[in-house]
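To keep things clear, I will list the structure first and then write my remarks on it.
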Amino acid sequence: MIDHKLKSILDVDLFEKGKDEDKFVGHLFYLDYDKASLLVSDAWKHKVHGIPQGSFLLAFYKGESDVHEVLLLRALGQTRLPTDNNVVASMIDYYKQGDDISGRAGSNSESKLDDFTRYEFSFSGLDCRVLGAFYKVGGDVPKEEFGADIENFYSANNYRVYKATGDVLRKVVNQRDGDVIPGNENEFRIGRVRYSSSRRFQSGEDDIDVFISPQDFVGKRTALFGMTRTGKSNTVKKIIEATEEISKKSASSSLPSDSVDSPAFTPSGAPQFKLGQIIFDVNGEYANPNLQDEGTAIYELYSDKVTRYSVMEKDGFKVLKVNFFKDVENGFELIRNYLSQREGSVDYVTNFSAVNLSKPENYSSDQSEKTRYDRKLACYLCCLYRAGFRVPSGLKASFTGSKDINSRVAESGIFPDTKIRIDFEEACTWFEWVWENYEDDFFVKYKDKKGREWADDDLKSLMVFLSTFKKPGKGSQVSGYRKIRATELHSLHTSTSDDSFEVEIPKLLREGNIVIIDLSQGSPIVQTLFSERICKAIFNNAMGRFVKNLPNNFIQFYFEEAHNLFPKKEDKDLSQIYNRLAKEGAKLHLGMTYATQEVSSISSNILKNTQNWFIAHLNNEDELKELRKYYDFSDFISSILRFSAGNDKGFVRMKTYTNPFVVPIQIDKFLADKQL
179 MIDHKLKSIL DVDLFEKGKD EDKFVGHLFY LDYDKASLLV SDAWKHKVHG
229 IPQGSFLLAF YKGESDVHEV LLLRALGQTR LPTDNNVVAS MIDYYKQGDD
279 ISGRAGSNSE SKLDDFTRYE FSFSGLDCRV LGAFYKVGGD VPKEEFGADI
329 ENFYSANNYR VYKATGDVLR KVVNQRDGDV IPGNENEFRI GRVRYSSSRR
379 FQSGEDDIDV FISPQDFVGK RTALFGMTRT GKSNTVKKII EATEEISKKS
429 ASSSLPSDSV DSPAFTPSGA PQFKLGQIIF DVNGEYANPN LQDEGTAIYE
479 LYSDKVTRYS VMEKDGFKVL KVNFFKDVEN GFELIRNYLS QREGSVDYVT
529 NFSAVNLSKP ENYSSDQSEK TRYDRKLACY LCCLYRAGFR VPSGLKASFT
579 GSKDINSRVA ESGIFPDTKI RIDFEEACTW FEWVWENYED DFFVKYKDKK
629 GREWADDDLK SLMVFLSTFK KPGKGSQVSG YRKIRATELH SLHTSTSDDS
679 FEVEIPKLLR EGNIVIIDLS QGSPIVQTLF SERICKAIFN NAMGRFVKNL
729 PNNFIQFYFE EAHNLFPKKE DKDLSQIYNR LAKEGAKLHL GMTYATQEVS
779 SISSNILKNT QNWFIAHLNN EDELKELRKY YDFSDFISSI LRFSAGNDKG
829 FVRMKTYTNP FVVPIQIDKF LADKQL
């Protein structure tokens, strides 16, 4: 059980404790539904240890006692006062005279200014955003609520403004929408409030804990943006840790095998079933000890629940491979994806990729359908054989031939029967002869007699790929099967009969385990192929259960270096698996967390469906322009652009699903060897 170290947030009365005269910072002189302007002085700012950009302020109505409302403001930057021109003119005059105008109002400085002038010079204006209002509703025991806007405002002179600190600030930053109770036993500390890179004042004050609700992340979409080495991976590890901790509190250890009406969460806020988590580890930092991050790896913290996969054989990892000869459809899908990325629109390759290798529904009852499918499958497997894929031990090419064809293929009589079961070298010879002689009388008469060709379009496309000739006979030659010879695809094939990873991984996740896919040693094409196949397998598994009215446990996806995997911003293909996860994942209890350097590198279809945001340093205006479109991040644009490599790692602006506004925080360090 994690010690939240959190005093009862609900017991803090903002209307009483927030109005601390020692925290008074100024008076409003302008107010509307969205913005406020605040008059502050040097003395007031110094007394409250400064007003950092982004800090939270509370504006109390000082008139009638029945106005139970406190406006929540965020400090943005300086704004001009009506008297600023006169003050600047006076300052310039004094500078020219060489007089000293330094010192705060009320200080004991030896300024040569008279008290009144020094007092006037100490005032300035502060521009603020109106984030919403705390208010009380109800009867004898009014309930305190928060609204992310204001339904009314009074004249600005009726408000006094105070800086939120201590327990008051803790309550503000842990504010939740809906019925979620801040600081409940299922919440998880992720960091502390941090307003700025400079921490002269803040370093001397108590840390203000910031908590997240795992309910904000499970089944939701979460984005982490920031330059390299700004702490994105550390934040992901904290989210994984929080998700695993709440998974331990699940009400049931396994999913029911039949239809049942079960809520996603119990009344206490714990998930109904254990959560599965899968991490696509492009850099290998989750699956392996990472010396750069002091050896902190997820698999070390949850070694009893983690299954690791790799594209290479190494100790402690299962290998991501498919038996292309037995798991035919999945293997062919990998080949199609590979060719689509490498070959573009080459006509015979496009025809080959369009072949349907799914077994017909009437395969057992329709002999003609069975015969045609067996030939097509055998010819495809011959393509694999010619391309150098290792054939599983004892496997033969099995299909129905023709006595007329068999007798003509080879005088040696190696094809004596209609039912053929031969080695793949002999099968290749059979299909190559058929395609070379496909315009002979036998095939012409067959079409005249049957009203259809002996070979359908799929089989002809396969024979082109196998024989390397685009037309019957020996005319123009193409690469054919050589397109998939000596490629990365061979590293994806195994000749053993183990269960496919596309079957095994969804099963592990349904049992509430953590799966790490180490893609660090794979080429970009291999990374893309595997991530897409695995995501599709999990999505299809979830959709299958959904259609059958079976409950789905929550499964969380984590994508590092997401720009390498996700569709680009201009890509409008909504059928891609990552777009489907973003748009349809919620109903299937599939959540996703993705991290990358640039907001603009991610498809807008995914961004628009993202509920949780963690923004670290972004170093150019193009990215900031993109970020302005979402929530209230426009309030932090200038501070996000500034960055101190030594001091600001893990300094982010966070917006979660149930938190109504962005909170600037310093993310805690993830430590794999800590005691929970």
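Plus 178 on top of the position in the sequence shown (first one is 1) and you've got this note's numbering. Built from N, CA and C at the ideal position, the CB exists for glycine as well.
Item, Value
"Given D439 as reference, the closest of D749, H795, G828, N727 once Cα atoms are compared", "N727"
"Entirely enclosed beta strand (DSSP E) segments - the region 345-411, minimum 3 residues", "366-371, 387-390, 399-403"
"Of the residues K492, G566, F443, G409, the one placed nearest S391, counting alpha carbons only", "F443"
"Per DSSP, the bridge partner or partners of N790", "T400"
"Three or more C-beta pairs below 8 Å linking the region 770-787 and the region 798-806", "yes"
"For V841, three-class secondary structure by DSSP", "strand"
"Whether L809 touches V830 by CB criterion (9 Å)", "Here the sequence assigns Tyr to residue 809, which means Leu is not the residue at that position. Their beta carbons are not under 9 Å apart, which means Y809 does not touch V830 by this criterion."
"Reduced DSSP secondary structure (H/G/I, E/B, other) of D696", "strand"
"Cβ-based neighbour list, T706, same chain, cut-off 8 Å, excluding 5 preceding and 5 following", "N515, Q519, N742, L743"
"6 Å CB neighbourhood of G404 in its chain, flanking five on each side removed", "K410, A794, H795"
"Nonlocal neighbours in the same chain, by C-beta distance under 6 Å from V339, ignoring five residues either side", "V203, G204, L216, L235, A237"
"Start and end residues, alpha helix (DSSP H) containing G722", "702-725"
"DSSP bridge partner residues for E322 (one or two, in chain order)", "K314"
"contact_flag[the region 348-355, the region 186-197] where n(CB pairs < 8 Å) is 3 or more", "yes"
"Nonlocal neighbours in the same chain, by C-beta distance under 6 Å from L259, ignoring five residues either side", "G303"
"Per-residue burial, Q699 [other beta carbons within 10 Å of its own, 16 or more giving buried]", "exposed"
"Close beta carbons around V940, own chain, < 6 Å, minus the five adjacent residues each side", "The first residue shown for the chain is 179 and the last is 854, placing residue 940 beyond what the model contains."
"7 Å CB neighbourhood of M490 in its chain, flanking five on each side removed", "Q699"
"Residue from S428, S639, T408, E710 with nearest C-alpha to K847", "T408"
"Same chain, Cβ closer than 7 Å to I386, neighbours up to 5 away in sequence not counted", "L347, R348, V351, R370, V371"
"Same chain, Cβ closer than 6 Å to W608, five either side skipped, listed in chain order", "V587"
"Three-pair Cβ contact test at 8 Å for the region 672-691 versus the region 558-576", "yes"
"6 Å CB neighbourhood of S645 in its chain, flanking five on each side removed", "E610, W613"
"Complete beta strand (DSSP E) runs within the region 220-273 (minimum length 3 residues, chain order)", "234-239, 247-257"
"Secondary structure of D200, DSSP reduced to three states", "helix"
"For R399, the nearest candidate out of R630, G763, K714, A664 (CA to CA)", "G763"
"Which of helix, strand or coil DSSP assigns to S580", "coil"
"Beta carbon of L637 nearer than 9 Å to that of R564", "no"
"Proximity below 9 Å, CB of L402 to CB of V414", "yes"
"Alpha carbon of A429 to alpha carbon of N731, nearest angstrom", "12 Å"
"DSSP beta-bridge partners of S488", "V497, D696"
"The alpha helix (DSSP H) enclosing Y516, as first and last residue numbers", "506-520"
"Distance between I845 and A311 (C-alpha atoms, nearest Å)", "27 Å"
"Cβ-based burial, L752 [other Cβ within 10 Å; buried from 16]", "exposed"
"Beta bridge counterpart(s) of R831 as assigned by DSSP", "I793, P842"
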